[in-house]
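A.B. asks: Below are the structure tokens for one structure; questions will follow.
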Amino acid sequence: MWYWAFKYIFLGPLLRVLGRPRIEGLENIPDRGPAILASNHLAVMDSFFLPLMVNRRIYFLAKSEYFTGTGLKGAFQRWFFTAVGQIPIDRSGAQAAEGALISARRQLEKGELMGMYPEGTRSPDGRLFKGKTGLARIALDTGVPVIPVAMIGTNKFNPPGSVLPRPSKVVVKVGKPLDFARYEGMQGNRFVERAVTDEIMYELMQLTGQQYVDIYAASLKDKKPAAEPPAASADAA
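Residues in the sequence shown are numbered from 164 upward in steps of one, following the working numbering.
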């Protein structure tokens, strides 16, 4: 109930005014049945604008820190992210994250849409970073299609570290579904998982127009980035 209340009453109308969002390729998302929406990750608001523009409910994996805070703020965060269907994921390692991946598989088995960020964290500088293979493992295990999604302009609407939004245009581009049926029976092969992940990242690079960097975004999180390179803008889309 809270998911739809936030979407249509509390947050959705305000985001439509401030972000003037539009979506391209909505027909590539099925009306029913499971699928993984694989998106680039520029800002926290990615997880708000994508559900706003898609008619079906989307479940996301969210960092566990959103569920472990203390005090009033921590309690509110925990309630909010639970209410809107976020699934906590421990990003400290593959073994720690396995529980969240199992939860994601369960949602797909129910015929739901899962939103996932293969980069594993927000881009620190607007570029597109190397994907992690957890999404590929789920796609190969379940056989569901992977639909690439480009979020464009959310880093201008919600720059890293900002609290208040900065009104600017947001564009969501949905690519054609990717079918990895050719790898059936090859689950668990790390070379196949890497090939699937790299194919997804290539499609995202094509959709977003972002510069691709073959390192993990998390490796730059604790470093001060150099001057931000040009990123795809909503106005140019």
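Backbone N, C-alpha and C define an ideal beta-carbon position, used for all residues, glycine too. Please read these numbers as outputs of a predicted model, since none were measured by experiment.
Which residues bound the alpha helix (DSSP H) around Ser210?
C.D. replies: 209-216
A.B. asks: Roughly how many angstroms separate the alpha carbons of Glu261 and Thr245, rounded to a whole number?
C.D. replies: 19 Å
A.B. asks: Should Val307 and Ile363 be called a contact, given that it needs their Cβ atoms to be closer than 8 Å?
C.D. replies: no
A.B. asks: What does the alpha-carbon distance come out to for the pair Arg345 and Ala358?
C.D. replies: 12 Å
A.B. asks: Does the distance between the C-beta of Ala344 and the nearest non-hydrogen atom of the ligand NAD fall short of 7 Å?
C.D. replies: Of ligands this structure carries none, so the ligand NAD is not represented either.
A.B. asks: Starting from Phe223, trace the beta strand (DSSP E) in both directions and tell me its first and last residue.
C.D. replies: 221-226
A.B. asks: Would Ala263 and Leu224 be called neighbours here (beta carbons separated by less than 8 Å)?
C.D. replies: yes
A.B. asks: What are the residues that DSSP puts in a beta bridge with Ala313?
C.D. replies: Lys336
A.B. asks: Would you kindly check if the distance between the Cβ of Thr284 and the Cβ of His204 is under 8 Å?
C.D. replies: yes
A.B. asks: Find out if the Cβ-Cβ distance for the pair Lys293, Ile252 is shorter than 8 Å.
C.D. replies: no
A.B. asks: With the cut-off set at 8 Å, would you say Val335 and Pro184 are in Cβ contact?
C.D. replies: yes
A.B. asks: Keeping to the same chain, check which residues put their C-beta closer than 7 Å to that of Met368; ignore five residues upstream and five downstream.
C.D. replies: Leu291, Tyr375
A.B. asks: Restricting to Cα atoms, I'd like to know which of Tyr171, Tyr229, Ser286 is closest to Ser202.
C.D. replies: Ser286
A.B. asks: Confirm, please, whether the CB-CB distance from Val333 to Asn191 is below 8 Å.
C.D. replies: no
A.B. asks: So what's Tyr379 in DSSP terms, helix, strand or just coil?
C.D. replies: coil
A.B. asks: Going by beta-carbon coordinates alone, are Phe230 and Gly182 separated by less than 8 Å?
C.D. replies: The answer is no: Cβ separation not under 8 Å.
A.B. asks: Which one or two residues does DSSP pair with Phe292 in a beta bridge?
C.D. replies: Val376
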